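The structure appears below as structure tokens.
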Amino acid sequence: MAERNPAATVPDLPGANAEALLRRLEWSTIRRLDGWLQGDYRTLFRGEGLDLADLREYQHHDDVRRIDWNVTARLQQPYVREYTEDRDIAAWFLLDLSPSVHFGSRRRSKAQVGIDFTAVIARLLARRGNRVGALLYGSRVDTVLPARSGRMQVLELLQRLMNRPAPVAMPQGTQLHELLQGALQQLRRRSLVFVLSDFFSEPGWSEPLSALALRHEVIAVRLYDPLELELPDLGMVYIQDAETGEQLMVDTHSRGFRQRFANVARRREAELRTGLAQAGVDTLELASDEDLAAAIVRFVHLRRQRSRLAAGSVAPRPHVI
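Our numbering puts the first residue of the sequence shown at 982, with every later residue one more than the last.
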């Protein structure tokens, strides 16, 4: 009897599209990552217990973030907290699905890249017994998927992402701070948090992002398209504001116009990087034309570097990678 390819059969269920996407990524991306990373997953996704087990005197190799400053002040000697280690991780994906995220000048939109990234990371975590949950934002936080473990949980998350209605223009613009504040209210236990957004938002998101980073380990996954940074010479074209729906005809043949566009893009890049640095979070930049596996390998290197700094009692600084 002929051997069946498990990636070739997709069940006729409401979540069949989600099943097909996950199987494609398992064969095309996760298998590559298994070969590249081998045993690094254990240290990459290590949990951190919250139950205080003991207090002891500070030693040279200790992480300074574990110092108990109240006890240190009382005893005039540095003391650190020891916790009961917890291998279980609760990972949350905060997904900005506002209109601007659905832009893409190549084969994939930023939203599609974000969904693929979410699927791969969620599957890597879930197949090791960890729990994954999500908050989805369109014009508001409209979906909260409680954190659970298992492959079916990943499929449920993907199905919700893939079955969402098309986004509509929002005259008020994206209010990313609403998504972050929703996470502050929803997430009680310390978690690994991925914030996926293009950060085309009204001001005010840096403060709640910083508050979230004080309670949780936060990775900002910044989605972008190369066309947002520099316009090619395409002649007279219509451009549309994805957030408001406003259209405008522009002459991209004009070198002066392209230069002004690039200048505005550079200013926005500088403001974005300043806001992320002030929030104290690491940032993974993910382009719509980038190989997903290569981007995740960069993420692994970022985590590994951060772990080495923490082990050496050096407070890690935020990275953009």
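Where is the CB? At the ideal position from N, CA and C, for every residue including glycine. Keep in mind the model is a prediction, meaning the values are calculated, not measured.
Backbone secondary structure at residue i - three-state DSSP
| i | result |
| --- | --- |
| L1193 | helix |
| W1008 | helix |
| Y1059 | The displayed chain sequence assigns Pro, not Tyr, to residue 1059. P1059 falls in the coil class under three-state DSSP. |
| T1233 | coil |
| T1225 | coil |
| D1097 | helix |
| I1070 | coil |
| L1283 | helix |
| R1047 | helix |
| E1271 | coil |
| L1036 | strand |
| N1161 | In the sequence as displayed, the identity of residue 1161 is Leu instead of Asn. Note: L1161 maps to helix in three-state DSSP. |
| L1078 | coil |
Distance between residue j and residue i (C-alpha atoms, nearest Å)
| i | j | result |
| --- | --- | --- |
| A1243 | L1212 | 8 angstroms |
| F1175 | V1281 | 14 angstroms |
| V1149 | G1226 | 8 angstroms |
| Q1057 | A1192 | 30 angstroms |
| L1265 | L1177 | 9 angstroms |
| A1054 | A1194 | 26 angstroms |
| W1073 | A1103 | 9 angstroms |
| L1160 | L1006 | 27 angstroms |
| V1061 | E1198 | 20 angstroms |
| R1249 | A1001 | 37 angstroms |
| A1100 | V1278 | 15 angstroms |
| L1139 | Q1286 | 30 angstroms |
| G1030 | P1152 | Unreliable placement is indicated for G1030, whose pLDDT of 45 sits below 50; the coordinate value is still reported in the next sentence. Each residue's Cα considered, the two are about 44 angstroms apart. |
| N1051 | R1196 | 19 angstroms |
| A1260 | R1145 | 30 angstroms |
| S1009 | L1003 | 10 angstroms |
| L1075 | L1229 | 32 angstroms |
| Y1247 | L1283 | At residue 1247 the sequence reads Arg, which differs from the Tyr that was named. Cα to Cα, the separation comes out at about 24 angstroms. |
| I1011 | R1254 | 30 angstroms |
| D1049 | G1163 | 29 angstroms |
| L1157 | R1089 | 23 angstroms |
| R1046 | G1256 | 23 angstroms |
| L1165 | W1017 | 35 angstroms |
| V1262 | F1181 | 18 angstroms |
| D1232 | R1087 | 21 angstroms |
| S1079 | A999 | 21 angstroms |
| G1237 | A1251 | 21 angstroms |
| R1239 | I1200 | 32 angstroms |
| L1208 | A1147 | 22 angstroms |
Cβ separation of residue i and residue j, assumed to be a contact under 8 angstroms, to the nearest whole Å
| i | j | result |
| --- | --- | --- |
| R1112 | A1071 | 5 angstroms |
| L1126 | A1115 | 4 angstroms |
| H1083 | A1223 | 7 angstroms |
| S1081 | D1179 | 6 angstroms |
| T1155 | E1137 | That pair is no contact at about 25 angstroms. |
| S1269 | K1091 | 5 angstroms |
| G1110 | D1069 | 7 angstroms |
| R1141 | T1124 | 6 angstroms |
| A1274 | R1013 | 5 angstroms |
>> Check whether the stretch 1165–1174 and the stretch 1129–1146 are in contact - that is, three or more C-beta pairs closer than 8 angstroms.
In response: Touching, no, given that fewer than three Cβ pairs across the two stretches are closer than 8 angstroms.
>> Pairs of beta-carbons, one from the stretch 1086–1104 and one from the stretch 1196–1210, closer than 8 angstroms: are there three or more?
In response: Taking a cut-off of 8 angstroms on C-beta distances, the stretch 1086–1104 touches the stretch 1196–1210, as three or more cross pairs fall below it.
>> I want to know whether the stretch 1107–1124 touches the stretch 1238–1252 - three or more CB-CB distances under 8 angstroms.
In response: By the Cβ test, the stretch 1107–1124 is not in contact with the stretch 1238–1252, since fewer than three Cβ pairs between them sit closer than 8 angstroms.
>> Taking contact to mean 3 or more Cβ pairs, one atom from each stretch, closer than 8 angstroms, check whether the stretch 1216–1224 and the stretch 1183–1190 are in contact.
In response: Not touching, per the Cβ criterion.
> Which ranges does the beta strand (DSSP E) cover as unbroken runs of at least 3 residues, wholly within the stretch 1107–1159, from first to last along the chain?
Replying inline: Those beta strand (DSSP E) runs which fall completely within the stretch 1107–1159 and span 3+ residues are 1112–1118 and 1122–1129.
> Going along the chain, which unbroken runs of the beta strand (DSSP E) with 3 or more residues stay wholly within the stretch 1166–1221?
Replying inline: Within the stretch 1166–1221, the complete beta strand (DSSP E) runs of at least 3 residues are 1173–1178, 1198–1205 and 1217–1221.
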